[in-house]
Structures are given as structure tokens and as C-alpha cells.
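Start counting the sequence shown at 2; every next residue gets the next number (the working numbering).
Here the structure is laid out as C-alpha cells; the discussion comes afterwards.
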Amino acid sequence: MEKKGIRISMGELTNLTVTFESLIKGWHEEHIQEIKQKLGEYVLSIDGTYSYKNKTLYIFRSYENGVVLYANTAEKDDVPHFRPLLEKVVKMYGLPMAVISDMQPAIIESVKSVMPNIPHQYCQYHFIKNAGSFMEKEYKELGKAMKKKEVLANAKEVEADFKKTPK
């Protein structure tokens, strides 16, 4: 921050962050009923986004519109710590039509126990990313082939042509 001429201590930065987080949580809690009404039936997207010191920040969103329904931390990949987060989301918004998540065992097991009859699909991004780990050689070769064939450049060209086309 000093590069911009702003001097702020880590303690003050932490205090401001905690205050901001509290304001966001308070606003959200006051508007749960309004969010629920606008939400209607929804597909729940769960993502463990950030891990630090064996804790993971889990974000629960409506898949259709990206609205954050709830966010909190839990012990990384630990069912007893994750399950209450999922139960809270269900209590606030009701059961979703389906769930989309990465392949963390805590999420998989919690969804099975909290929502046994709800379809659960794995996020394609996470699935492909994980598939790359056990198919590393093939994954790298595919990436090289796509670069060689200029797939991204061709896709951008098609997108640009599509945008020019009158509707």
C-alpha cells in the first residue's frame, strides 16, 4: 500500500476487513427471505475456493444466476465440519433441484446424507482439472495440439464474426 502513498498497518487492515465482512453478513441475513422469494427453485453450486491453515472457504451459490447464498469456512475436507454449513443453506433456502460441486469427499458425503434424493453432479471444470492429474501426459499433449491448431484464436474469430452478424 505504501507505493500508492497510503500507510496502513496489518492490524488496521484486519480490522477493516472484519468490519466489512460483518456488514456484508448482516445485510445478507436481513435479506434471506427476499433472496429466497426471488430464487425460487434453484441448483446449488458449492465450491471450496480458498484454503489456509487447514480451513477452506466454501461458497454456496445459485448456479443459474451466481447469487451467493452463503459462505463460511470449515476444516478442509472434513464431513463433521462441512455438513452443518450445508444444513444451514438448506434451512435458509430449502432443498435445491440439484447440486453441482467439485469432488471433495466432505462435499460428496454431506450431500448424500443431507439431500439423499437430490441429483449431484460434479463441476466439469473441476472434473477435467482432476482428470488432468491422472492423465497428465495426454492432458499436456491435448493442450499442445490445441495451441498448434490455434483453437483459441479460431474461436475468438468465430465469436467476432458472430457479434458482427445482424440479428
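Think of the CB as a built atom: it goes at the ideal place given N, C-alpha and C, for glycine as much as any other residue.
Asked                                                                                                            : Found
Ranges of the beta strand (DSSP E) found wholly within the segment 54-112, counting only runs of at least 3      : 56-63, 69-76 and 99-102
Contact belief for Thr74 with Lys56 at Cβ below 8 Å, rounded distance in angstroms                               : 5 Å
His1 and Val91 closer than 7 Å at C-beta                                                                         : With the chain running from 2 to 168 in the structure shown, residue 1 is simply not present.
His29: first and last residue of the uninterrupted alpha helix (DSSP H) it sits in                               : Met11 to Glu31
DSSP-derived helix/strand/coil call for Ile47                                                                    : strand
Cross-strand partners of Gln122 (DSSP beta bridge)                                                               : Ile101
Cβ neighbours of Met98 in the same chain (closer than 6 Å, five flanking residues each side left out)            : Glu42 and Val44
Supposed contact pair Glu35 and Val80 - C-beta distance, whole angstroms, cut 8 Å                                : Rounded, the Cβ-Cβ distance is 32 Å, inconsistent with contact.
Status (buried if at least 16 other CB within 10 Å, exposed otherwise) for Gly49                                 : buried
Residues near Met93 by beta carbon distance below 6 Å, same chain, minus five either side                        : Ile33
Pair within 7 Å by beta-carbon distance, Ser63 and Leu40                                                         : yes
Residues sharing a beta bridge with Met52, DSSP                                                                  : One detail in the question is off: residue 52 reads as Ser in this sequence, not Met. According to DSSP, which records beta bridges pairwise, Ser52 is partnered with Thr57.
Spatial neighbours of Glu76 in its chain, beta-carbon cut-off 7 Å, leaving aside the 5 residues before and after : Asn55, Lys56 and His82
Where Phe61 falls, given that 16 or more other Cβ within 10 Å makes a residue buried                             : buried
Candidates Ala72, Asn66 and Ser23, of which the one nearest Leu58 by Cα                                          : Ala72
Ile7 classed as buried or exposed, judged by whether at least 16 other C-beta atoms fall within 10 angstroms     : exposed
Straight-line Cα distance separating Ser102 from Ser46                                                           : 6 Å
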